[in-house]
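Colleague:
Residue numbers (the working numbering): 950 to 1230.
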């Protein structure tokens, strides 16, 4: 079927045609995503009808965001490996932007990253989501902000803001979409009291050692071996229980998302009880 015939049937322009060539319109991207989903479902149906899980054979080169690799993957992989012994998974870990570049250069087949940017070469599927909260180490909060023995959270008053030290991820946003650092400054926290980090491990270790309160991803905090030492902190006028929700997505080059091995892996990740129990963080 010619594209113009499809455009006539849908009464939509799918391609933007210029002297430099053609590219997909917004409607065209939607149609492409819809068709890719149909292909994915067809492959899933074929697997269900004709193949047992153990019959699948092959290798997936998987790029994993570091926190996902450490706190989610090992437990999931033990379950997946037992169910699909014929599927071998070769792991590469790294930061999101580096893994996406490896995907585009075809060094990995699939990348699981945080909030990948739209790219016409790639297809993205949301797996689950997370959000940030502010946490403090119990003894640090007790000594500096007089919380009680039975406290399960700490509320910071406006008068206490200038005495705080906070460890923040560089791209963390407040609940209104503004950079968290600018909101902290507006509420009276000196900028020299804000430490910016990219690594969760650095942020949580600073927090556990009593160097300040920290902006941390909720899902990862719950999986951390020392999470019982951390309690939520509420800052005045900025956040409630969580903020700055972000997506954890699986990315492939366009057309590869319907490959049976990739389809099977993503289906198991989405349906895994550990994932469903922690959605929301």
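For glycine and all other residues, C-beta sits at the position ideal for the given N, C-alpha and C.
1. Please report how far the alpha carbon of residue 1139 lies from the alpha carbon of residue 1115, in whole angstroms.
2. Taking just the CA atoms, how far does residue 1008 sit from residue 1020?
3. Helix or strand or just coil, what does DSSP make of residue 1185?
4. Can you have a look at residue 1111 and say buried or exposed, based on whether 16 or more other CB atoms are within 10 angstroms of its CB?
5. Going by alpha carbons, who is nearest to residue 1177 out of 1157, 1161 and 1108?
6. Starting from the C-beta of residue 975, find all residues in its chain whose C-beta is less than 8 Å away, skip the five residues before and the five after it, and write them out in chain order.
7. Using C-beta distances below 7 Å, list every residue in its chain close to residue 1087, excluding the 5 sequence neighbours before and after it, in chain order.
8. Note down the Cα distance separating residue 1142 from residue 1100, rounded to an integer number of angstroms.
9. Can you tell me where the beta strand (DSSP E) holding residue 1064 begins and where it ends?
10. Please go through the same chain and pick out, in chain order, the residues whose beta-carbon is closer than 7 Å to the beta-carbon of residue 988, but skip the five residues on each side of it.
11. Which residues share a DSSP beta bridge with residue 1196?
12. Rounded to the nearest angstrom, what separates residue 965 and residue 1056 at their Cα positions?
13. From residue 1095 to residue 1147, what does the alpha carbon distance come to, in whole angstroms?
14. Applying the criterion that 16 or more other CB atoms from any shown protein chain within 10 Å of the CB defines a buried residue, is residue 1013 buried or exposed?
15. Just to confirm my understanding: we take residue 1005, look at its own chain, exclude 5 residues before and 5 after, and list those with CB closer than 8 Å. What are they?
16. To the nearest angstrom, how far is the alpha carbon of residue 1195 from that of residue 1130?
Modeller: With the structure as the only source:
1. 10 Å
2. 23 Å
3. coil
4. exposed
5. 1157
6. none
7. 1178 and 1180
8. 25 Å
9. From DSSP, residue 1064 is part of no beta strand (DSSP E); its letter is neither H nor E.
10. 1207
11. 1078
12. 31 Å
13. 30 Å
14. buried
15. 996, 1033, 1035, 1036, 1209, 1210 and 1213
16. 18 Å
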